[in-house]
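From first to last, the protein sequence lines stand for chains A and B. Here the first sequence stands for residues 319 to 827, where the numbers follow the working numbering. Here the second sequence stands for residues 57 to 154, where the numbers follow the working numbering. Beta carbons: idealized from backbone N, C-alpha and C, even for Gly. Note that the coordinates shown come from a computational prediction; the quantities given were computed from them, not determined experimentally.
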Amino acid sequence: MSELTRLSAADLAGRIHAREVTSVQVTQACLDRIAAVDPAVRAFVHLDAQAALAVAAQVDDKLRRGDPPASPLAGVPVALKDVFTTLDMPTTCGSRTLRGWRPPYDATVTRRLRDAGVVIVGKTNMDEFAMGSSTENSAYGPTHNPWDLDRVPGGSGGGSAAAVAAFEVPLAVGTDTGGSIRQPSAMTGTVGVKPTYGGVSRYGLVAFSSSLDQGGPVARTVLDAALLHEVIGGYDALDSTSIDAPVPPVVHAARAGATADLAGLRVGVVREFRGDGYQPGVLRAFDVAVSRLSELGAQVVEVSCPSFDYALPAYYLIAPSECSSNLARFDGMRYGLRLGDDGTRSAEEVMSLTREAGFGPEVKRRIMLGTYALSAGYYDAYYGQAQKVRTLIIRDFAAAFERVDVLVSPTTPTTAFALGERVDDPLAMYLSDLCTIPADLAGNAALSVPAGLSDEDGLPVGLQVMAPAMADDRAYRVAAAYEVARDAADGGPLTHRVPGIEVVGEALC
Amino acid sequence: MPTISRDEVAHLARLARLAVTDEELDLFAGQLEVILTSVARVGEVAAADIPPTSHAVGLTDVFRADVPRPGLTQQQALLGAYATEGGRFRVPRILDEA
């Protein structure tokens with residue numbers, strides 16, 4: 319493995335901008351690493367080596383001419399979850415229905431990466447339309463966890479998390495609706511951030527659950543995540559739910575946090591997020607992480623958020639309801655798959671045949687679940703009640719943030735589970751989103767930072783840090799301080815302990 | 057306790073325009089039953105005096121100046137079409153002949 323692929327995005331950018339190394343060399347190192355390990359990891363569904371190298375060469379040319387870098391990440395390679403539209407690459411959302419679809423426009427996130435001189439090397443695998451917790455619901459096959467290839471990388475953004483964990487790219491973009499950035503990050507030992515809802519534009523992010531979907535960064539360090547956050551974040555007139563305010567100062571917070579303690583910071587441990595269903599090794603790693611926060615000077619107290627117990631059922635009503643409406647657009651009429659158009663069948667018959675063949679089982683389950691929850695006669699008992707639970711969760715957060723500055727919990731109840739273990743048991747699959755969902759329902763900022771390994775299986779554990787809306791910088795500050803203390807105690811970054819990858823099989827693209 | 061029959065699943069599939077198979081009806085009826093029984097717990101907590109939240113951030117109407125701005129060209133809009141005719145999407149007949 320080239321040493322370049324081991325470096326952080328911040329280091330790479332510094333060396334590229336100082337012209338000690340070229341963006342072409344860095345991009346080529348990533349492409350070589352992808353060629354070497356992706357047949358085993360299967361993180362990418364689309365790669366465009368030539369286009370990536372061309373963008374890298376442009377960045378190098380500009381720097382050679384003496385132009386300032388277009389952004390702090392100019393020249394650094396990134397992978398994009400295949401749910402963001404890209405003019406020059408297919409956008410499949412992990413679905414058969416969009417196989418080979420070339421969108422006629424770039425997502426705002428895509429455009430901001432391009433404008434920043436960031437090198438998009440390819441698109442990453444995901445659960446179909448971001449519905450899933452293991453990346454096994456992709457029509458293109460599952461992604462494997464770099465820590466143990468027989469295990470899932472989490473989901474829905476398992477491709478983005480695995481690509482970063484396997485040193486294929488230093489950075490990736492994911493999306494979080496019920497935990498799809500943070501949960502895979504916890505399971506792959508990476509940093510994953512769900513910004514405040516409205517912090518990153520949803521324009522060109524293929525919608526699953528519009529009131530919850532939020533793009534955000536995946537990285538190997540807290541500072542790298544912050545750098546990417548500032549590139550993709552900020553107001554966008556093309557998204558009517560975009561927040562018209564400056565991006566919280568997350569890069570400053572990440573830098574300041576890494577050089578300071580947490581004296582005076584009040585940390586609340588969520589009482590509801592432990593007990594039955596929590597893997598003992600996860601809880602032990604979490605408790606060690608909390609004691610590090612205390613050692614850094616934080617005042618740690620237990621906080622009860624009773625409505626969080628109802629977040630999971632509320633989520634699995636609200637998200638399917640919105641999905642049943644959003645996915646109505648895949649009707650086989652204007653783009654995407656069309657089947658059975660033989661000149662005799664009606665549009666409605668063609669639509670039903672197309673959707674039946676184009677969607678996988680989990681998407682069909684959620685569409686039907688949402689259709690049920692929104693039906694006359696069931697609406698009040700299901701969708702209506704779920705919306706009230708959402709109010710209670712927002713109130714629990716508000717009450718908690720009067721007492722503490724941030725809330726912490728394990729990011730996931732268990733470490734990465736085995737491929738195939740939960741595919742036939744939807745409810746067991748849903749449980750892995752238990753701790754991440756409340757922040758999605760309330761819209762506030764939350765992140766997962768690696769918190770060591772679970773002692774019984776040697777797999778990564780995530781520490782979740784939740785902050786109020788638009789206080790994303792506060793979560794970064796805590797995570798950055800914790801990261802330094804963790805590495806000092808462990809003798810080096812967790813991500814560098816990922817085992818070597820034995821390559822068998824073929825890449826997805 | 058919600059119970060969801062095979063016929064109800066077939067009805068939902070029709071509403072959602074999914075031509076599900078017989079095997080799927082059996083599979084989904086069982087799975088939806090389990091999921092609905094679990095999510096029905098939302099009924100335990102929320103009382104009448106709690107307002108519903110549809111969105112995490114307070115949504116207000118967003119306005120912009122009423123000036124034209126470029127959109128997709130006809131050619132771009134048709135780029136992903138399965139079939140076109142005369143510069144338009146060609147779709148199956150929308151009415152049954154009966």
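query                                                                                                                          : result
V568 of chain A and R430 of chain A closer than 8 Å at C-beta                                                                  : no
Buried/exposed call for I150 of chain B, threshold 16 Cβ in 10 Å                                                               : exposed
Simplified DSSP assignment, three categories, for I499 of chain A                                                              : coil
Q597 of chain A in three-state terms, based on DSSP                                                                            : coil
Closer than 8 Å at the beta carbon, the chain A residues around D152 of chain B                                                : S664
Host alpha helix (DSSP H) of P638 of chain A (start-end)                                                                       : 629 to 644
Distance between L725 of chain A and L671 of chain A (C-alpha atoms, nearest Å)                                                : 47 Å
For E774 of chain A and V619 of chain A, the rounded distance between their alpha carbons                                      : 27 Å
Proximity test, Cβ basis, 8 Å: S110 of chain B and chain A                                                                     : yes
Assigned secondary structure, H814 of chain A (DSSP; H/G/I helix, E/B strand, else coil)                                       : helix
Member of A:P408, A:Q782, A:D605 whose CA lies at the smallest distance from the CA of Y423 of chain A                         : A:P408
Residues, ordered as in the chain, of the region 547 to 564 of chain A that lie near chain B by beta-carbon distance below 8 Å : A555, S558, T559, I561
Alpha carbon of V373 of chain A to alpha carbon of V344 of chain A, nearest angstrom                                           : 12 Å
Short-range partners of chain B found in the region 752 to 764 of chain A, where Cβ spacing is below 9 Å                       : D758, L759, A760, G761, N762
Candidates A:A769, A:D378, A:D385, A:K399: closest to V600 of chain A by CA position                                           : A:A769
I352 of chain A in three-state terms, based on DSSP                                                                            : helix
Chain B contact for V363 of chain A (CB, 8 Å cutoff)                                                                           : no
CB contact below 8 Å: R708 of chain A versus chain B                                                                           : yes
Contact set between G136 of chain B and chain A, taken where Cβ atoms lie within less than 8 Å                                 : W419, R420, P421, P422, R652, Y653, G654
CB-CB length for G575 of chain A against A388 of chain A, believed under 8 Å                                                   : Incorrect: roughly 26 Å between the Cβ atoms, too far for contact.
Proximity of D356 of chain A and A760 of chain A at Cβ, strictly below 8 Å                                                     : no
Helix, strand or coil at L322 of chain A according to DSSP, with G and I counted as helix                                      : helix
Integer-rounded CB distance, given that L635 of chain A should sit under 8 Å from A691 of chain A                              : 5 Å
Inter-stretch contact at 8 Å, needing at least 3 Cβ pairs: the region 135 to 146 of chain B / the region 742 to 750 of chain A : no
Length of the line joining the Cα atoms of P817 of chain A and D466 of chain A                                                 : 8 Å
The region 99 to 109 of chain B touching the region 79 to 90 of chain B, judged by at least three CB pairs closer than 8 Å     : no
M505 of chain A versus G472 of chain A: straight-line alpha-carbon distance, rounded                                           : 6 Å
DSSP three-state assignment for S612 of chain A, whether helix, strand or coil                                                 : helix
Straight-line Cα distance separating T733 of chain A from L781 of chain A                                                      : 12 Å
Chain A within 8 Å of P107 of chain B, Cβ atoms only                                                                           : yes
Burial state of E680 of chain A, where buried means 16 or more other Cβ atoms lie within 10 Å                                  : buried
First and last residue of the uninterrupted alpha helix (DSSP H) at G688 of chain A                                            : 679 to 691
Reduced DSSP secondary structure (H/G/I, E/B, other) of F485 of chain A                                                        : coil
For R538 of chain A and R573 of chain A, the rounded distance between their alpha carbons                                      : 15 Å
Residue burial classification, P119 of chain B (beta-carbon count within 10 angstroms, cutoff 16)                              : Strictly speaking, residue 119 of chain B in this sequence is Phe, with Pro absent from that position. Answer is exposed; the Cβ neighbour count stays below 16.
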